[in-house]
Amino acid sequence: DQQVKQNSPSLSVQEGRISILNCDYTNSMFDYFLWYKKYPAEGPTFLISISSIKDKNEDGRFTVFLNKSAKHLSLHIVPSQPGDSAVYFCAASAGGNQFYFGTGTSLTVIP
Amino acid sequence: DAGVIQSPRHEVTEMGQEVTLRCKPISGHNSLFWYRQTMMRGLELLIYFNNNVPIDDSGMPEDRFSAKMPNASFSTLKIQPSEPRDSAVYFCASSYQGRYGYTFGSGTRLTVV
Numbered sequence: 300d301q302q303v304k305q306n307s308p309s310l311s312v313q314e315g316r317i318s319i320l321n322c323d324y325t326n327s328m329f330d331y332f333l334w335y336k337k338y339p340a341e342g343p344t345f346l347i348s349i350s351s352i353k354d355k356n357e358d359g360r361f362t363v364f365l366n367k368s369a370k371h372l373s374l375h376i377v378p379s380q381p382g383d384s385a386v387y388f389c390a391a392s393a394g395g396n397q398f399y400f401g402t403g404t405s406l407t408v409i410p
Numbered sequence: 002d003a004g005v006i007q008s009p010r011h012e013v014t015e016m017g018q019e020v021t022l023r024c025k026p027i028s029g030h031n032s033l034f035w036y037r038q039t040m041m042r043g044l045e046l047l048i049y050f051n052n053n054v055p056i057d058d059s060g061m062p063e064d065r066f067s068a069k070m071p072n073a074s075f076s077t078l079k080i081q082p083s084e085p086r087d088s089a090v091y092f093c094a095s096s097y098q099g100r101y102g103y104t105f106g107s108g109t110r111l112t113v114v
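In the order they appear, the protein sequences are chains Z and P.
My numbering applies: residue 300 is where the first sequence begins, and numbers increase by one.
My numbering applies: residue 2 is where the second sequence begins, and numbers increase by one.
Here's what the structure looks like:
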């Protein structure tokens, strides 16, 4: 059973516009969330994180928002650049070592 | 540090053959994870080790899959016998304490024909 869901398999955005990637989770015990970025033929790399004590975390062009009541998080990329084209995975943990990953969203930024 | 090193990068094998995937975690990391990436399930945890001890192998799909971590710098994932449905990209990841995310290797693309 998928505890972390990314319902949009793909997303296309024009360069310079905002990209919004969404992630939903079912386990209310999740208290730490990550976004990973994956280029073809490479492993996922850490992008940004957020703890459940916050509702927003910002790092340059990347901002993650957490809505605990809705069990929803989103990643905003502003402005989007062609180099942002990749697959993005969200992941969640309820403590301990194990993270549960979503199925990923493939972002294409069109020049 | 060279990061998490996986070998081979690509493996093509015939159904029924034994396949061994290898992983060298980052020095000093005490947790190691094996994931499988498929279109349907995304990144699926197969097994993870803490201080070389298997902690949770509930994600291992069948008895055909086994994993070992004989020491802190090496782990293997073995499939015997392999089947076409095992074709996927297998990732190894390591972390220190695990709480703040993992560092992934580049993956092994396995094709079973």
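Heads up, the beta-carbon is just placed ideally off N, CA and C, and yes, glycines get one too.
Since we're looking at a predicted model, the values are computed, not measured.
Ranking P:Glu19, P:Gly43, P:His30 and P:Val20 by CA distance to the CA of P:Gly4 puts P:His30 first.
Fully contained in the stretch 317-395 of chain Z is no alpha helix (DSSP H) run of length 4 or more.
When DSSP states are grouped into helix, strand and coil, P:Asp64 belongs to the coil group. Neighbours of P:Ser32 across chain Z, judged by C-beta separation under 7 Å: Asn396. For P:His11, the uninterrupted beta strand (DSSP E) run begins and ends at His11 to Thr14, by DSSP.
Proximity of chain Z to P:Leu46 at the Cβ level (cut-off 7 Å) is accounted for by Gln397, in chain order. Taking Z:Asn366 as reference, the option from Z:Phe388, Z:Ala340, Z:Ile352 and Z:Gly359 with the minimal CA-CA separation is Z:Ile352.
Note: P:Pro26 is not bridge-paired with any residue in the DSSP secondary-structure output.
Assigned with DSSP and collapsed to three states, P:Asp87 falls in helix. In the DSSP assignment, P:Thr109 falls within the beta strand (DSSP E) that extends over Thr109 to Val113.
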